[in-house]
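Have a look at the structure below, then the notes.
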Amino acid sequence: MLEKHYAGMQVIERLSMPDKEIIFRATIQLDNGPVKTFQCYRIQHSNVLGPYKGGIRFHPEVDLDEVKALALWMTFKTALADIPYGGAKGGVMLDPKTLTATELERLVRQYTQRLVNDIGPNLDILAPDMGTSAREMAWVFDEYRKHHADAYGVVTGKPLALGGSLGRTEATGRGVVCVMLEAAQELGLQNYTVGVQGFGNVGSHAALDLHQRGIKVVAVNDITGSLHNPQGLDIPALIRHRNQTGGLGGFPGGKDLPEFISYPFDVLLPCAMENMITGDNAAAIQAKLIVEGANGPTTPEADKILMARRVMVVPDILANAGGVIVSYFEWVQNREGRSWDAEDINQRLFAYLRQAYARTRETATKLHVSLRQGAYCLALERIVRTMIDRGVQ
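For the sequence shown, position 72 matches number 57 in our numbering, and the numbering has no gaps at all.
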(Lines of atoms letter the chains of each structure in order from A and count residues from 1; the text may use other names and numbers.)
(Lines give C-alpha, C1' and ligand atoms only; values in the text may rest on other atoms or scores of the structure.)
Protein backbone atom coordinates (compact mmCIF):
# COMPACT_ATOMS: atom_id res chain seq x y z
CA MET A 1 0.00 0.00 0.00
CA LEU A 2 2.69 2.49 1.00
CA GLU A 3 4.98 1.62 -1.89
CA LYS A 4 2.09 2.24 -4.24
CA HIS A 5 1.49 5.82 -3.15
CA TYR A 6 4.88 7.02 -1.85
CA ALA A 7 7.82 6.72 -4.21
CA GLY A 8 10.38 8.04 -1.75
CA MET A 9 10.65 4.84 0.28
CA GLN A 10 13.74 6.13 2.05
CA VAL A 11 11.33 8.40 3.96
CA ILE A 12 9.22 5.42 5.01
CA GLU A 13 12.35 3.55 6.07
CA ARG A 14 13.40 6.57 8.10
CA LEU A 15 10.06 6.52 9.96
CA SER A 16 10.47 2.84 10.79
CA MET A 17 13.19 3.74 13.32
CA PRO A 18 12.74 6.02 16.34
CA ASP A 19 14.94 9.08 16.70
CA LYS A 20 16.05 8.07 20.18
CA GLU A 21 15.58 5.15 22.58
CA ILE A 22 16.15 5.95 26.25
CA ILE A 23 16.33 2.81 28.38
CA PHE A 24 17.29 2.80 32.03
CA ARG A 25 16.57 1.27 35.41
CA ALA A 26 15.12 3.13 38.37
CA THR A 27 15.71 1.85 41.89
CA ILE A 28 13.64 3.04 44.84
CA GLN A 29 13.40 2.15 48.50
CA LEU A 30 10.09 0.61 49.49
CA ASP A 31 8.24 1.81 52.56
CA ASN A 32 9.13 -1.34 54.49
CA GLY A 33 12.87 -1.03 53.84
CA PRO A 34 13.99 -3.14 50.83
CA VAL A 35 14.89 -1.62 47.47
CA LYS A 36 13.29 -2.53 44.16
CA THR A 37 14.42 -1.89 40.59
CA PHE A 38 12.17 -1.16 37.62
CA GLN A 39 12.82 -1.21 33.87
CA CYS A 40 12.03 2.19 32.33
CA TYR A 41 11.66 3.47 28.77
CA ARG A 42 11.18 6.71 26.85
CA ILE A 43 11.02 6.36 23.08
CA GLN A 44 11.20 9.54 21.01
CA HIS A 45 9.99 8.44 17.62
CA SER A 46 9.74 11.56 15.45
CA ASN A 47 9.78 15.33 15.88
CA VAL A 48 9.30 16.21 12.22
CA LEU A 49 5.97 17.96 12.88
CA GLY A 50 6.81 19.36 16.32
CA PRO A 51 7.97 18.39 19.82
CA TYR A 52 7.79 14.72 20.79
CA LYS A 53 4.48 13.94 22.49
CA GLY A 54 3.23 10.87 24.32
CA GLY A 55 2.11 9.41 27.61
CA ILE A 56 3.77 7.38 30.34
CA ARG A 57 2.41 3.86 30.77
CA PHE A 58 2.73 1.85 34.01
CA HIS A 59 1.86 -1.78 33.34
CA PRO A 60 3.44 -5.16 34.13
CA GLU A 61 3.59 -6.10 30.42
CA VAL A 62 5.42 -2.95 29.28
CA ASP A 63 8.48 -3.77 27.18
CA LEU A 64 10.66 -2.08 24.59
CA ASP A 65 8.75 -3.35 21.56
CA GLU A 66 5.41 -2.19 22.95
CA VAL A 67 6.68 1.29 23.81
CA LYS A 68 8.30 1.65 20.37
CA ALA A 69 5.03 0.67 18.69
CA LEU A 70 3.04 3.11 20.83
CA ALA A 71 5.50 5.91 20.02
CA LEU A 72 5.09 5.19 16.30
CA TRP A 73 1.29 5.28 16.69
CA MET A 74 1.60 8.67 18.37
CA THR A 75 3.51 10.05 15.41
CA PHE A 76 0.69 9.02 13.08
CA LYS A 77 -2.03 10.11 15.51
CA THR A 78 -0.74 13.67 15.90
CA ALA A 79 -0.19 13.96 12.15
CA LEU A 80 -3.72 12.76 11.40
CA ALA A 81 -5.19 15.18 13.97
CA ASP A 82 -3.17 17.98 12.32
CA ILE A 83 -1.61 19.23 15.54
CA PRO A 84 2.05 20.39 15.70
CA TYR A 85 3.48 17.44 17.60
CA GLY A 86 5.60 14.42 16.87
CA GLY A 87 5.33 11.06 18.59
CA ALA A 88 6.83 9.53 21.72
CA LYS A 89 5.88 7.15 24.52
CA GLY A 90 7.19 6.24 27.93
CA GLY A 91 6.72 3.17 30.05
CA VAL A 92 7.68 1.47 33.29
CA MET A 93 7.26 -2.26 33.74
CA LEU A 94 5.24 -2.57 36.93
CA ASP A 95 1.75 -3.03 38.32
CA PRO A 96 1.09 0.33 40.00
CA LYS A 97 -1.37 -1.32 42.38
CA THR A 98 1.55 -3.13 44.06
CA LEU A 99 3.15 0.13 45.23
CA THR A 100 1.98 2.62 47.83
CA ALA A 101 1.38 6.25 46.87
CA THR A 102 4.71 7.30 48.40
CA GLU A 103 6.56 4.52 46.56
CA LEU A 104 4.95 5.55 43.28
CA GLU A 105 5.94 9.14 43.91
CA ARG A 106 9.58 8.13 44.46
CA LEU A 107 9.51 6.17 41.21
CA VAL A 108 7.91 8.96 39.17
CA ARG A 109 10.35 11.52 40.51
CA GLN A 110 13.34 9.31 39.73
CA TYR A 111 11.95 8.60 36.26
CA THR A 112 11.67 12.36 35.70
CA GLN A 113 15.17 13.01 37.07
CA ARG A 114 16.67 10.56 34.59
CA LEU A 115 14.88 12.31 31.71
CA VAL A 116 15.20 15.90 32.90
CA ASN A 117 17.47 16.94 30.01
CA ASP A 118 15.59 14.90 27.40
CA ILE A 119 12.14 16.41 27.95
CA GLY A 120 10.77 19.94 27.92
CA PRO A 121 7.90 22.14 26.68
CA ASN A 122 9.50 22.43 23.24
CA LEU A 123 11.34 19.11 23.23
CA ASP A 124 9.28 16.20 24.58
CA ILE A 125 5.94 16.61 26.37
CA LEU A 126 4.67 13.89 28.69
CA ALA A 127 1.07 12.93 29.52
CA PRO A 128 -0.93 10.24 31.36
CA ASP A 129 -1.45 6.80 29.88
CA MET A 130 -2.49 3.43 31.24
CA GLY A 131 -1.68 3.21 34.96
CA THR A 132 -0.93 6.94 35.36
CA SER A 133 -3.11 9.98 36.00
CA ALA A 134 -3.08 13.67 36.89
CA ARG A 135 -1.43 12.77 40.20
CA GLU A 136 1.65 11.31 38.52
CA MET A 137 1.77 14.22 36.07
CA ALA A 138 1.87 16.63 39.04
CA TRP A 139 4.94 14.81 40.36
CA VAL A 140 6.59 15.01 36.92
CA PHE A 141 5.86 18.74 36.76
CA ASP A 142 7.19 19.38 40.26
CA GLU A 143 10.39 17.37 39.75
CA TYR A 144 11.12 18.94 36.36
CA ARG A 145 10.50 22.40 37.85
CA LYS A 146 13.43 21.89 40.24
CA HIS A 147 15.75 21.88 37.24
CA HIS A 148 14.04 24.16 34.69
CA ALA A 149 12.05 27.36 35.24
CA ASP A 150 9.80 26.91 32.20
CA ALA A 151 7.95 23.86 33.49
CA TYR A 152 4.22 24.23 32.81
CA GLY A 153 4.31 22.87 29.26
CA VAL A 154 6.53 19.84 29.95
CA VAL A 155 3.53 17.69 30.83
CA THR A 156 -0.17 17.70 30.03
CA GLY A 157 -3.00 16.03 31.89
CA LYS A 158 -1.97 17.95 35.01
CA PRO A 159 -4.35 18.87 37.87
CA LEU A 160 -6.20 22.12 37.20
CA ALA A 161 -4.33 23.88 40.02
CA LEU A 162 -1.03 23.23 38.20
CA GLY A 163 -2.15 24.48 34.80
CA GLY A 164 -4.22 21.52 33.69
CA SER A 165 -7.09 21.88 31.26
CA LEU A 166 -10.79 21.41 31.71
CA GLY A 167 -11.98 18.37 29.78
CA ARG A 168 -8.62 16.58 29.64
CA THR A 169 -9.58 13.60 31.81
CA GLU A 170 -12.65 12.70 29.74
CA ALA A 171 -11.24 13.86 26.38
CA THR A 172 -10.31 10.47 24.93
CA GLY A 173 -13.64 8.84 25.77
CA ARG A 174 -15.60 11.89 24.63
CA GLY A 175 -13.62 11.94 21.39
CA VAL A 176 -14.41 8.26 20.76
CA VAL A 177 -18.11 9.10 20.97
CA CYS A 178 -17.74 12.10 18.65
CA VAL A 179 -16.11 9.96 15.96
CA MET A 180 -18.64 7.16 16.56
CA LEU A 181 -21.50 9.59 15.89
CA GLU A 182 -19.92 10.59 12.56
CA ALA A 183 -19.49 6.96 11.48
CA ALA A 184 -22.97 5.93 12.66
CA GLN A 185 -24.49 8.76 10.65
CA GLU A 186 -22.53 7.66 7.59
CA LEU A 187 -23.87 4.12 7.99
CA GLY A 188 -27.42 5.37 8.56
CA LEU A 189 -27.70 3.72 11.98
CA GLN A 190 -30.69 4.75 14.08
CA ASN A 191 -31.78 3.75 17.60
CA TYR A 192 -28.60 1.72 17.86
CA THR A 193 -27.11 0.02 20.90
CA VAL A 194 -23.50 0.07 22.05
CA GLY A 195 -21.14 -2.33 23.81
CA VAL A 196 -18.09 -0.99 25.62
CA GLN A 197 -15.08 -3.27 26.09
CA GLY A 198 -12.90 -1.91 28.89
CA PHE A 199 -14.26 0.29 31.66
CA GLY A 200 -11.22 2.31 32.66
CA ASN A 201 -10.76 6.00 31.95
CA VAL A 202 -11.57 5.82 28.22
CA GLY A 203 -14.37 3.25 28.33
CA SER A 204 -16.19 4.69 31.35
CA HIS A 205 -16.13 8.25 30.03
CA ALA A 206 -17.29 7.10 26.60
CA ALA A 207 -20.13 5.13 28.20
CA LEU A 208 -21.10 8.10 30.36
CA ASP A 209 -21.15 10.42 27.35
CA LEU A 210 -23.35 7.95 25.46
CA HIS A 211 -25.71 7.65 28.44
CA GLN A 212 -26.02 11.44 28.66
CA ARG A 213 -26.89 11.54 24.95
CA GLY A 214 -29.64 8.94 25.42
CA ILE A 215 -27.80 6.21 23.50
CA LYS A 216 -28.19 2.80 25.12
CA VAL A 217 -25.07 1.07 26.40
CA VAL A 218 -26.35 -2.49 26.67
CA ALA A 219 -23.13 -4.35 27.52
CA VAL A 220 -19.91 -3.51 29.35
CA ASN A 221 -16.81 -5.60 29.90
CA ASP A 222 -13.59 -5.24 31.87
CA ILE A 223 -10.99 -7.45 33.52
CA THR A 224 -13.40 -8.26 36.36
CA GLY A 225 -16.24 -9.52 34.16
CA SER A 226 -19.06 -8.58 31.79
CA LEU A 227 -22.56 -7.18 32.31
CA HIS A 228 -25.54 -6.63 30.04
CA ASN A 229 -29.00 -5.11 30.13
CA PRO A 230 -31.01 -5.01 26.88
CA GLN A 231 -32.85 -1.92 28.15
CA GLY A 232 -29.58 -0.07 28.70
CA LEU A 233 -27.25 0.01 31.68
CA ASP A 234 -27.44 2.87 34.19
CA ILE A 235 -23.90 4.11 33.53
CA PRO A 236 -23.62 6.68 36.37
CA ALA A 237 -24.77 4.02 38.85
CA LEU A 238 -22.37 1.46 37.33
CA ILE A 239 -19.44 3.88 37.67
CA ARG A 240 -20.32 4.47 41.34
CA HIS A 241 -20.53 0.69 41.87
CA ARG A 242 -17.17 0.14 40.14
CA ASN A 243 -15.52 2.85 42.22
CA GLN A 244 -16.90 1.41 45.46
CA THR A 245 -16.27 -2.28 44.79
CA GLY A 246 -13.36 -2.27 42.34
CA GLY A 247 -15.23 -4.18 39.65
CA LEU A 248 -18.44 -4.77 37.72
CA GLY A 249 -19.56 -7.89 39.59
CA GLY A 250 -22.65 -7.65 41.76
CA PHE A 251 -24.11 -4.60 40.01
CA PRO A 252 -27.88 -4.87 40.49
CA GLY A 253 -28.74 -3.12 37.22
CA GLY A 254 -27.29 -5.77 34.93
CA LYS A 255 -26.83 -9.50 34.46
CA ASP A 256 -23.59 -11.40 34.02
CA LEU A 257 -22.62 -11.93 30.40
CA PRO A 258 -20.61 -15.09 29.58
CA GLU A 259 -19.56 -13.99 26.07
CA PHE A 260 -19.19 -10.25 25.58
CA ILE A 261 -17.70 -10.09 22.09
CA SER A 262 -20.60 -11.94 20.40
CA TYR A 263 -23.37 -9.92 22.07
CA PRO A 264 -25.79 -8.40 19.50
CA PHE A 265 -25.04 -4.70 20.03
CA ASP A 266 -24.88 -2.53 16.92
CA VAL A 267 -21.68 -0.66 17.79
CA LEU A 268 -18.59 -1.98 19.60
CA LEU A 269 -16.15 0.34 21.36
CA PRO A 270 -12.98 -1.64 22.24
CA CYS A 271 -11.40 0.55 24.94
CA ALA A 272 -9.26 -1.99 26.81
CA MET A 273 -5.88 -3.36 25.72
CA GLU A 274 -4.11 -4.19 22.48
CA ASN A 275 -5.04 -7.32 20.49
CA MET A 276 -8.49 -7.88 22.01
CA ILE A 277 -10.15 -8.49 18.62
CA THR A 278 -8.34 -11.38 16.98
CA GLY A 279 -8.67 -13.90 14.18
CA ASP A 280 -10.26 -16.24 16.72
CA ASN A 281 -13.17 -14.00 17.71
CA ALA A 282 -13.65 -11.51 14.85
CA ALA A 283 -16.15 -13.73 13.05
CA ALA A 284 -18.37 -13.81 16.15
CA ILE A 285 -18.78 -10.03 16.30
CA GLN A 286 -22.32 -8.95 15.39
CA ALA A 287 -21.67 -5.21 15.50
CA LYS A 288 -21.95 -3.21 12.27
CA LEU A 289 -19.47 -0.59 13.47
CA ILE A 290 -16.29 -0.80 15.57
CA VAL A 291 -14.66 2.37 16.92
CA GLU A 292 -11.25 1.73 18.45
CA GLY A 293 -10.93 3.53 21.79
CA ALA A 294 -7.81 1.53 22.74
CA ASN A 295 -4.48 1.50 20.93
CA GLY A 296 -4.17 -1.46 18.59
CA PRO A 297 -7.18 -3.49 19.78
CA THR A 298 -7.60 -5.25 16.42
CA THR A 299 -5.01 -7.65 15.04
CA PRO A 300 -4.20 -7.62 11.28
CA GLU A 301 -5.83 -11.03 10.90
CA ALA A 302 -9.03 -9.80 12.55
CA ASP A 303 -8.96 -6.67 10.40
CA LYS A 304 -9.05 -8.78 7.24
CA ILE A 305 -12.00 -10.81 8.55
CA LEU A 306 -13.94 -7.67 9.46
CA MET A 307 -13.21 -6.07 6.07
CA ALA A 308 -14.46 -9.20 4.31
CA ARG A 309 -17.65 -9.03 6.39
CA ARG A 310 -18.01 -5.31 5.57
CA VAL A 311 -17.87 -4.24 9.20
CA MET A 312 -16.74 -0.62 9.39
CA VAL A 313 -13.72 -0.13 11.67
CA VAL A 314 -12.72 3.39 12.72
CA PRO A 315 -9.00 3.07 13.53
CA ASP A 316 -7.37 3.97 16.82
CA ILE A 317 -5.22 6.81 15.48
CA LEU A 318 -8.44 8.62 14.55
CA ALA A 319 -10.93 7.38 17.15
CA ASN A 320 -8.88 7.92 20.32
CA ALA A 321 -7.10 11.14 19.32
CA GLY A 322 -9.27 13.23 21.65
CA GLY A 323 -6.78 12.90 24.50
CA VAL A 324 -3.79 14.25 22.59
CA ILE A 325 -5.90 17.00 21.01
CA VAL A 326 -6.98 18.33 24.41
CA SER A 327 -3.39 17.87 25.62
CA TYR A 328 -2.44 20.22 22.79
CA PHE A 329 -5.09 22.66 24.02
CA GLU A 330 -3.62 22.47 27.53
CA TRP A 331 -0.13 23.15 26.17
CA VAL A 332 -1.42 26.16 24.23
CA GLN A 333 -3.25 27.49 27.31
CA ASN A 334 -0.02 27.15 29.34
CA ARG A 335 1.89 29.09 26.71
CA GLU A 336 -0.79 31.79 26.54
CA GLY A 337 -1.07 32.03 30.31
CA ARG A 338 -4.85 31.74 30.31
CA SER A 339 -7.59 29.10 30.60
CA TRP A 340 -10.34 28.25 28.15
CA ASP A 341 -13.83 27.33 29.35
CA ALA A 342 -15.24 23.83 28.98
CA GLU A 343 -17.64 24.71 26.17
CA ASP A 344 -14.85 26.26 24.11
CA ILE A 345 -12.64 23.19 24.63
CA ASN A 346 -15.38 20.75 23.63
CA GLN A 347 -16.29 22.75 20.52
CA ARG A 348 -12.65 22.89 19.44
CA LEU A 349 -12.20 19.15 20.16
CA PHE A 350 -15.24 18.16 18.11
CA ALA A 351 -14.15 20.43 15.24
CA TYR A 352 -10.70 18.79 15.08
CA LEU A 353 -12.14 15.28 15.19
CA ARG A 354 -14.88 15.91 12.64
CA GLN A 355 -12.36 17.44 10.27
CA ALA A 356 -10.00 14.48 10.77
CA TYR A 357 -12.84 12.02 10.14
CA ALA A 358 -14.00 13.83 7.00
CA ARG A 359 -10.49 14.00 5.55
CA THR A 360 -9.86 10.34 6.39
CA ARG A 361 -13.10 9.30 4.70
CA GLU A 362 -12.22 11.44 1.67
CA THR A 363 -8.76 9.85 1.41
CA ALA A 364 -10.11 6.32 1.86
CA THR A 365 -12.75 6.86 -0.81
CA LYS A 366 -10.27 8.40 -3.22
CA LEU A 367 -7.81 5.51 -2.83
CA HIS A 368 -10.51 2.80 -2.59
CA VAL A 369 -9.18 1.54 0.74
CA SER A 370 -10.42 1.05 4.30
CA LEU A 371 -10.67 3.84 6.85
CA ARG A 372 -7.58 2.45 8.58
CA GLN A 373 -5.53 2.54 5.40
CA GLY A 374 -6.93 5.95 4.56
CA ALA A 375 -5.97 7.30 7.99
CA TYR A 376 -2.39 6.07 7.68
CA CYS A 377 -2.07 7.37 4.13
CA LEU A 378 -3.30 10.82 5.18
CA ALA A 379 -0.99 10.91 8.19
CA LEU A 380 1.96 9.72 6.11
CA GLU A 381 1.26 12.31 3.45
CA ARG A 382 1.54 15.09 6.03
CA ILE A 383 4.70 13.66 7.58
CA VAL A 384 6.40 12.90 4.27
CA ARG A 385 5.54 16.30 2.81
CA THR A 386 7.06 18.02 5.82
CA MET A 387 10.16 15.81 5.76
CA ILE A 388 10.75 16.54 2.09
CA ASP A 389 10.14 20.28 2.54
CA ARG A 390 12.58 20.36 5.45
CA GLY A 391 15.10 18.16 3.68
CA VAL A 392 14.87 15.61 6.48
CA GLN A 393 15.46 12.31 4.73
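For each residue, glycine too, the CB sits at the ideal point set by N, CA and C.
In this model, Asp326 and Gln332 are separated by some 10 Å (Cα to Cα). One thing to note: Phe43 has its Cβ no nearer than 8 Å to the Cβ of Val20.
Taking C-beta separations shorter than 6 Å and ignoring five residues to either side along the sequence, the partners of Gly264 in its chain run Glu286 and Ala287, following chain order.
Here Pro113 is bridged, per DSSP, to Ile41. Taking 8 Å as the cut-off, the Cβ atoms of Trp58 and Val93 do not count as close. Short of 7 Å from the beta carbon of Leu79, and not among the five residues preceding or following it, lie these beta carbons of its own chain, in chain order: Phe23, Phe43 and Pro45.
Pairing Phe250 with Gln271, the inter-Cα distance amounts to about 7 Å. The criterion of a C-beta distance shorter than 8 Å is not satisfied by Asn206 and Gln170. Around the beta carbon of Phe9, a 10 Å sphere encloses fewer than 16 other beta carbons of the protein chains shown; the residue is thus reported as exposed. Under the DSSP assignment, Ser312 falls in the alpha helix (DSSP H) whose first and last residues are Gly307 to Glu321. Boundaries of the alpha helix (DSSP H) around Phe61: Leu49 to Ala66. Within the same chain, Cβ atoms closer than 7 Å to the Cβ of His226 are found at Phe236, the five residues on either side in sequence being excluded.
By the C-beta density criterion, Ser150 is buried, having at least 16 other C-beta atoms within 10 angstroms. Less than 8 Å divides the Cβ of Asn260 from the Cβ of Gly281. Taking a contact to require three or more Cβ pairs closer than 8 Å, the segment 339 to 348 and the segment 50 to 70 qualify as touching. For the pair Val179 and Arg295, the Cα-to-Cα distance works out to about 18 Å.
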